[in-house]
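Novice: Before we start, here is the structure in question, set down as structure tokens.
Protein chains: 2
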Amino acid sequence: MNEYSEKQLLIMDTALKLFAEKGYDKTSIRDIAFAADVNVAMVSYYFGSKDKLLEALFSKHFTFITNMLENILYEKESSAFEKVDRIIDVFIDTLYSRQLFNRLMTREASIIHDGPLFDMILDMKTKNRKLVERAVKSGQRIGVFRKDVNVFFLSSVLIGSVNQLLANCRYEAKHAKLNDEEREAFKKKNIEILRKHLKQMFTAYLTHSNSTDNA
Amino acid sequence: MNEYSEKQLLIMDTALKLFAEKGYDKTSIRDIAFAADVNVAMVSYYFGSKDKLLEALFSKHFTFITNMLENILYEKESSAFEKVDRIIDVFIDTLYSRQLFNRLMTREASIIHDGPLFDMILDMKTKNRKLVERAVKSGQRIGVFRKDVNVFFLSSVLIGSVNQLLANCRYEAKHAKLNDEEREAFKKKNIEILRKHLKQMFTAYLTHSNSTDNA
DNA sequence: GTTTGAATTAAACGTTTGTTTAATTTTGCA
DNA sequence: TGCAAAATTAAACAAACGTTTAATTCAAAC
């Protein structure tokens with residue numbers, strides 16, 4: 008199913024980069040063709056249309072990411088705390104290593120109302136929540152986590168923080184006029200801070216007995 | 008400076024709604040004109056161009072939001088914990104009450120590389136951080152907050168969480184086929200959960216003594 | 001070497017876009 | 001009422017867009 012020729016992959020990679028940096032709508036097929044050094048007609052020839060190219064991009068990265076998430080889901084971990092740490096690592100590493108796709112997806116997600124892309128994104132959001140839920144429940148079962156944790160809240164914090172921090176880094180890097188190398192180093196540095204503090208924050212929150220239980 | 012006629016405000020409000028829901032690029036001037044029941048030429052006549060209309064929208068909402076943030080900055084609060092609670096309230100309420108603009112801004116922010124919009128967004132991000140920083144430092148001064156708090160991290164968590172939760176709510180609401188009223192009630196419910204748990208989480212994190220100080 | 005189908009190309013197509021024009025209507029003021 | 005400026009309109013404009021066409025090149029099989 009997902010077997011693309013080298014030329015198709017070249018087009019997809021080039022398109023992903025341009026879509027992420029300039030936006031889907033502001034990237035013309037001619038832009039992609041020029042950057043990938045292929046003829047304009049090749050996109051329609053291989054993918055059918057610009058929309059289908061976007062769909063192909065989503066499918067490709069979704070199968071990779073959701074597969075990874077599902078594998079984690081069936082891992083055996085020794086403690087609930089390790090589970091939480093592991094999940095934070097997986098989310099951060101995935102969002103960081105697939106920054107371009109993640110940027111494109113988040114952007115498109117905010118204006119999509121239905122169709123195959125909507126279904127894919129909804130499916131991924133559900134899987135994200137399942138993963139967080141599993142870790143939380145295992146900690147609750149053995150009594151080390153508080154009982155009134157809200158998973159919808161937690162997964163929003165997790166994903167939202169990473170994306171927001173990466174966006175902030177891009178802005179700071181541009182403001183400080185960092186070059187590509189410096190910017191990536193800056194991102195990496197802040198991602199590691201995020202990782203460390205997010206783990207601390209989640210642990211503190213999950214083990215903290217709720218002081219306003221009756222609210 | 009910011010004095011617009013009723014017709015100009017009508018165009019701006021209509022444009023904001025369409026930009027937020029369909030995206031800036033996918034909304035044509037004809038779409039706006041039709042929805043606002045004005046002639047297509049009126050947009051260029053009043054604002055100069057579509058880009059300038061977007062700039063006007065940004066200016067309008069930015070002056071409001073940044074003014075509000077700066078006012079908070081000089082408020083007197085009794086305790087550091089109250090300061091944190093207050094800031095969380097302000098961010099949540101602002102992001103929630105200006106959902107449409109916030110959605111538009113976040114979306115455009117991810118593909119803007121320079122220009123007046125870039126400067127405005129950067130300015131707002133800086134102000135956000137200043138606000139968080141002030142609350143954290145006041146708690147550190149009197150010794151109730153830990154010393155190694157990272158403000159860049161905290162502000163990312165705060166803004167990122169709210170936006171991500173609202174985006175998740177939109178998806179859930181569409182999946183559950185809620186109508187407009189039900190969707191807003193669903194959002195409101197989850198925002199209140201977010202508010203409560205975010206305050207707990209921040210407090211737990213800020214007062215939690217760091218167990219890996221030497222890391 | 002010929003044939004067959006895929007790959008590649010330059011050119012053209014029709015549509016939509018943001019914007020402008022030029023004419024007309026409305027408004028506010030003397 | 002008369003007049004000048006502002007507001008509003010329908011029509012037209014050029015440019016950019018995604019896509020298609022029709023011709024040509026390429027590669028592999030026989």
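As they're listed, the protein sequences go chains S and R. If you read the first sequence in this note's numbering, its first letter stands for residue 8, the second for the next number, and so on. If you read the second sequence in this note's numbering, its first letter stands for residue 8, the second for the next number, and so on. Built from N, CA and C at the ideal position, the CB exists for glycine as well.
May I ask you to report which of helix, strand or coil DSSP gives residue 20/S?
Specialist: Position 13 of the first sequence, counting from 1, holds the residue named residue 20/S. Reduced to three states, the DSSP call for residue 20/S is helix.
Novice: Would you mind telling me which residues of chain S sit closer than 7 Å to residue 168/R, beta carbon to beta carbon, in chain order?
Specialist: Along the second sequence, one-based indexing puts residue 168/R at 161. Simply 163, 164, 167, 168.
Novice: I'd like the span of the alpha helix (DSSP H) that includes residue 167/R, first residue to last.
Specialist: Taking the first residue of the second sequence as 1, we reach residue 167/R at position 160. Per DSSP, residue 167/R belongs to the alpha helix (DSSP H) from 158 to 182.
Novice: Counting contacts by CB-CB distance shorter than 8 Å, is residue 211/R in contact with chain S?
Specialist: For the purposes of this step, residue 211/R is identified with residue 204 of the second sequence, where counting begins at 1. It does; some Cβ of chain S falls within 8 Å.
Novice: Going along chain S in order, which residues have a C-beta closer than 9 Å to the C-beta of residue 181/R?
Specialist: If you number the second sequence from 1, residue 181/R lands on position 174. Result: 120, 121, 125, 129.
Novice: Output the distance between the C-alpha atoms of residue 3/R and residue 120/S, rounded to the nearest integer angstrom.
Specialist: Given that chain R is displayed from residue 8 to residue 222, the structure contains no residue 3/R and the question cannot be resolved.
Novice: Are the Cβ atoms of residue 127/S and residue 65/S separated by less than 8 Å?
Specialist: Numbered from 1 along the first sequence, position 120 holds the residue referred to as residue 127/S. Numbered from 1 along the first sequence, position 58 holds the residue referred to as residue 65/S. Yes, they are a contact pair.
Novice: Under the assumption that residue 139/S contacts residue 94/S (Cβ atoms under 8 Å), give the Cβ distance between them as a whole number of angstroms.
Specialist: Locating residue 139/S in the first sequence gives position 132, counting from the first residue. Locating residue 94/S in the first sequence gives position 87, counting from the first residue. With a contact defined as Cβ atoms closer than 8 Å, residue 139/S and residue 94/S qualify at about 6 Å.
Novice: List the endpoints of the continuous alpha helix (DSSP H) containing residue 88/S.
Specialist: Working through the first sequence from its first residue, we reach residue 88/S at position 81. Residue 88/S -> alpha helix (DSSP H) spans 87 to 104.
Novice: I need the straight-line Cα distance from residue 63/R to residue 49/R, nearest angstrom please.
Specialist: The sequence position of residue 63/R within the second sequence is 56, counting from 1. The sequence position of residue 49/R within the second sequence is 42, counting from 1. Between residue 63/R and residue 49/R, the C-alpha separation is close to 15 Å.
Novice: At a CB-CB cut-off below 7 Å, which residues of chain S make contact with residue 200/R?
Specialist: Here residue 200/R refers to the residue found at position 193 when the second sequence is read from its first residue. Chain S residues near residue 200/R: 157, 160.
Novice: When the cut-off is 8 Å and only beta carbons count, does residue 38/S lie next to chain R?
Specialist: Along the first sequence, read from residue 1 onward, the residue named residue 38/S stands at position 31. Answer no: the Cβ-Cβ gap between residue 38/S and chain R never drops below 8 Å.
Novice: Give me the Cα-Cα distance between residue 146/S and residue 88/S, rounded to the nearest whole angstrom.
Specialist: Sequence index remark: in the first sequence, residue 146/S carries index 139 (1-based). Sequence index remark: in the first sequence, residue 88/S carries index 81 (1-based). Between residue 146/S and residue 88/S, the C-alpha separation is close to 7 Å.
Novice: Residue 97/S: which of 85/S, 208/S, 78/S sits nearest, CA to CA?
Specialist: Sequence index remark: in the first sequence, residue 97/S carries index 90 (1-based). Per the Cα distances, 78/S.
Novice: Quick check on residue 134/S - is its C-beta less than 8 Å from some C-beta in chain R?
Specialist: The residue you call residue 134/S lines up with position 127 of the first sequence. Not one chain R Cβ lies under 8 Å of residue 134/S.
Novice: Would you mind working out which of 174/S, 173/S, 161/S sits nearest residue 168/R, comparing C-alpha positions?
Specialist: Translated into positions along the second sequence, residue 168/R becomes position 161. Nearest option by C-alpha distance: 161/S.
Novice: Is the CB-CB distance between residue 118/S and residue 189/R below 8 Å?
Specialist: Taking the first residue of the first sequence as 1, we reach residue 118/S at position 111. Taking the first residue of the second sequence as 1, we reach residue 189/R at position 182. No, Cβ-Cβ distance for residue 118/S and residue 189/R is not below 8 Å.
Novice: Could you check whether residue 170/R and residue 113/R sit closer than 8 Å to each other, using their CB atoms as the reference points?
Specialist: Here residue 113/R is taken as the residue at index 106 of the second sequence, counted from 1. Here residue 170/R is taken as the residue at index 163 of the second sequence, counted from 1. For residue 113/R and residue 170/R, yes; Cβs fall inside 8 Å.
Novice: Closest to residue 122/S by CA distance: which of 202/S, 58/S, 106/S, 132/S is it?
Specialist: Taking the first sequence and counting its residues from 1, one reaches residue 122/S at position 115. Of the candidates 202/S, 58/S, 106/S, 132/S, the one whose C-alpha sits nearest the C-alpha of residue 122/S is 58/S.
Novice: How would you list, in chain order, the residues of chain S whose beta-carbon sits under 7 Å from the beta-carbon of residue 29/R?
Specialist: Within the second sequence, residue 29/R is the residue found at index 22, counting from 1. Result: 118.
Novice: Starting from residue 11/R, trace the alpha helix (DSSP H) in both directions and tell me its first and last residue.
Specialist: As a first step, residue 11/R is located in the second sequence; it is residue number 4 there, counting from the start. Careful: residue 11/R lies outside any alpha helix (DSSP H) and carries neither H nor E.
Novice: Measuring only the C-alpha atoms, how far is residue 99/R from residue 51/S?
Specialist: As a position in the second sequence, residue 99/R is number 92, starting the count at 1. As a position in the first sequence, residue 51/S is number 44, starting the count at 1. Taking the straight line from one Cα to the other gives about 44 Å.
Novice: Rounded to whole angstroms, what's the CA-CA distance from residue 67/S to residue 82/R? Just pull it up for me.
Specialist: Taking the first residue of the first sequence as 1, we reach residue 67/S at position 60. Taking the first residue of the second sequence as 1, we reach residue 82/R at position 75. If I take the Cα positions, the gap works out to 50 Å.
Novice: Below 8 Å between beta carbons: does that hold for residue 193/S and residue 205/S?
Specialist: Taking the first sequence and counting its residues from 1, one reaches residue 193/S at position 186. Taking the first sequence and counting its residues from 1, one reaches residue 205/S at position 198. Contact flag unset, no.
Novice: In terms of residues, what are the limits of the alpha helix (DSSP H) holding residue 128/R?
Specialist: As a working note, residue 128/R is residue 121 in the second sequence. That run of the alpha helix (DSSP H) goes 123 to 148.
Novice: Any Cβ of chain R within less than 8 Å of the Cβ of residue 68/S?
Specialist: As a first step, residue 68/S must be located in the first sequence, where it is residue number 61. It does not: the Cβ of residue 68/S has no partner Cβ on chain R nearer than 8 Å.
Novice: Nearest-angstrom Cα distance between residue 200/R and residue 102/R?
Specialist: In the second sequence, counting from the first residue as 1, residue 200/R sits at position 193. In the second sequence, counting from the first residue as 1, residue 102/R sits at position 95. Distance between the alpha carbons of residue 200/R and residue 102/R is about 15 Å.
Novice: Can you confirm whether residue 33/S, when its beta carbon is compared against all beta carbons of chain R, has any partner nearer than 8 Å?
Specialist: On the first sequence, position 26 is the one that residue 33/S refers to. Interface residue, yes.
Novice: Along the alpha helix (DSSP H) that carries residue 33/S, what are the first and last residues, could you check?
Specialist: As a working mapping, residue 33/S is identified with position 26 in the first sequence. Element bounds for residue 33/S: n/a, residue is neither H nor E.
Novice: In the structure shown, what three-state DSSP assignment does residue 51/R receive?
Specialist: Counting from one through the second sequence, the residue named residue 51/R turns up at place 44. Note: residue 51/R maps to helix in three-state DSSP.
Novice: Would you say residue 233/S reaches chain R, if we count a Cβ-Cβ gap shorter than 8 Å as a contact?
Specialist: Chain S is shown from 8 up to 222; residue 233/S falls before or after that span and cannot be answered.
Novice: Roughly how many angstroms separate the alpha carbons of residue 149/R and residue 210/S, rounded to a whole number?
Specialist: Numbered from its first residue, the second sequence carries residue 149/R at position 142. Numbered from its first residue, the first sequence carries residue 210/S at position 203. Spanning the two alpha carbons is a distance of roughly 24 Å.
Novice: Return yes when the Cβ of residue 43/R is within less than 8 Å of the Cβ of residue 18/R, no when it is not.
Specialist: As a first step, residue 18/R is located in the second sequence; it is residue number 11 there, counting from the start. As a first step, residue 43/R is located in the second sequence; it is residue number 36 there, counting from the start. Yes. Within cutoff.
Novice: According to DSSP, simplified to helix, strand and coil, what is residue 68/S?
Specialist: As a working note, residue 68/S is residue 61 in the first sequence. Helix.
Novice: Can you give me the Cβ contacts of residue 40/R inside the same chain, cut-off strictly under 7 Å, excluding the 5 residues immediately before and after it?
Specialist: As a first step, residue 40/R is located in the second sequence; it is residue number 33 there, counting from the start. For residue 40/R, where only same-chain residues beyond five positions count, the Cβ hits under 7 Å are 46, 47, 49, 50.
Novice: State yes or no: is the beta carbon of residue 207/R nearer than 8 Å to at least one beta carbon in chain S?
Specialist: For this step, residue 207/R is matched to residue 200 along the second sequence. Residue 207/R counts as touching chain S.
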